[in-house]
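Protein chains in written order, with our numbering: chain W, 82 to 208; chain E, 82 to 208. Working notes for the structure below.
2 protein chains.
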Amino acid sequence: METEYETRPREAIARILRAEPRFFSASELCTRLDEAGTPVSRATVYRTLERLAAKGEAALRLNDRGEATFMSCDNGHHHHAICRSCGRVEDVACSALDNFVERLHSLHGFQLDDHSLEFHGKCRSCV
Amino acid sequence: METEYETRPREAIARILRAEPRFFSASELCTRLDEAGTPVSRATVYRTLERLAAKGEAALRLNDRGEATFMSCDNGHHHHAICRSCGRVEDVACSALDNFVERLHSLHGFQLDDHSLEFHGKCRSCV
DNA sequence: GCGGTTTTGAGACCGAGTCTCAAATCCCTT
DNA sequence: AAGGGATTTGAGACTCGGTCTCAAAACCGC
Ligand SMILES: [Zn+2]
Ligand SMILES: [Zn+2]
Ligand SMILES: [Zn+2]
Ligand SMILES: [Zn+2]
């Protein structure tokens, strides 16, 4: 039947994610959940995050140490400007790619100092 | 004094990296090194890759499982088009960002079907 | 409340990556 | 070519993020 239940752990996690436009690692979330008086096991945190990502309600990102981090994020395809200092994330429309540095600054007040860009697809010999 | 020695393990690793424009994980390299009859310990593989990356002679990339992968790559700042099928990597100049889809196809014969882009810097309130 | 279904938690487990330190290697000097 | 001080290596212990298992708990339509 595959019905989905609304449970205390899921709601506690969603509440923390929705409160801030930032990426959270699983362990960060566990700590926050403990502090909020609604502790949730690691296994459940991982399962919930994976589920949110699969439903398109959260974005998954690997941080520079290769840890999975998650953010509440459901506005379709777009990109992210991440503050090196506080972690705040600004959404950047994909169409803003032309002259992206200038736009990023004028639209979001974001002072860009680095970027990473990766393309995926098929090369000449694999098409 | 900090002199650097040229050693058999380092040369074996460099030889494998230079042979293909692809990202290799540490464990992949260990396997290749064993097959090539020049086995190198995991610790040394990691140390050597880290050293190459620090010297700017190799690019570091976290794959979708969060594993560190390395590729021989020393042409200054640029981006990568990675084939989903064979892993072959095409370099893409940073200035090619305008109309990148079309350029990628006409310049490299690369059929783009996804991309990831991330900006890093300081947000309005952290500048 | 009851009962079938879904979810949770504790802890075992896995694998990538790091660390330690004695042994091996490198290469400069003689 | 042998000696010797500095660098590098390897085996294996260790850390830690993430997965898996399965019995117990929670959920919700009845
Ligand atoms: Zn900030
Ligand atoms: Zn895009
Ligand atoms: Zn290919
Ligand atoms: Zn660039």
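Glycine residues also receive a C-beta, built at the ideal position from the N, C-alpha and C atoms. Note that the structure is predicted; figures quoted are calculated from it, not measured.
- The beta carbon of Asn-144 (chain E) sits closer than 6 Å to those of Thr-150, all from its chain and outside the five residues before and after it, given in chain order.
- Using a Cβ-Cβ cut-off of 9 Å, Glu-183 (chain W) is close to nothing in chain E; its nearest Cβ partner there is about 12 Å away.
- Distances taken from the Cβ of Arg-169 (chain E) to the heavy atoms of ligand 3 include one shorter than 7 Å.
- Counted as a single uninterrupted DSSP element, the beta strand (DSSP E) harbouring Ser-197 (chain W) occupies residues 192 to 203.
- With a beta-carbon spacing of about 7 Å, Cys-204 (chain E) and Cys-167 (chain W) fall inside the 8 Å limit used to define contacts.
- For the stretch 184 to 201 of chain E, the beta-carbon criterion of a distance under 8 Å to any beta-carbon of chain W is satisfied by Leu-185, His-189, Gly-190, Phe-191, Gln-192, Leu-193, Asp-194, Asp-195, His-196, Ser-197, Leu-198, Glu-199, Phe-200, His-201.
- Per DSSP, the beta bridge partners of Ile-163 (chain E) are W:His-201, E:Val-170.
- Within the chosen limit of 7 Å, ligand 4 reaches the beta carbon of Leu-198 (chain W) through at least one heavy atom.
- The Cβ of Cys-154 (chain E) sits no closer than 8 Å to any Cβ of chain W.
- Contacts with chain E (Cβ-Cβ distance below 8 Å) from the stretch 94 to 108 of chain W involve no residue at all.
- Residue E:Arg-132 holds the alpha-carbon nearest to the alpha-carbon of Arg-91 (chain E) among E:Arg-132, E:Ser-106, E:Pro-102, E:Gln-192.
- Within chain E, not a single residue places a beta-carbon under 7 Å from that of Lys-136 (chain W); the smallest gap is close to 19 Å.
- When secondary structure is reduced to three states using DSSP, Arg-103 (chain E) falls in the coil class, being assigned neither helix nor strand.
- If you check the C-beta of Ser-187 (chain E) against ligand 1, you find no heavy atom less than 7 Å away.
- Cβ-Cβ distances below 7 Å link Arg-123 (chain W) to Ala-107, Cys-111 in the same chain, with the five nearest sequence neighbours on each side left out; the list follows chain order.
- Scanning its chain for C-beta atoms nearer than 6 Å, with the 5 sequence neighbours on each side dropped, one finds around His-161 (chain E) the residues Val-170, in chain order.
- Cα atoms of Glu-116 (chain W) and Arg-89 (chain W): separation of roughly 15 Å, rounded to the nearest angstrom.
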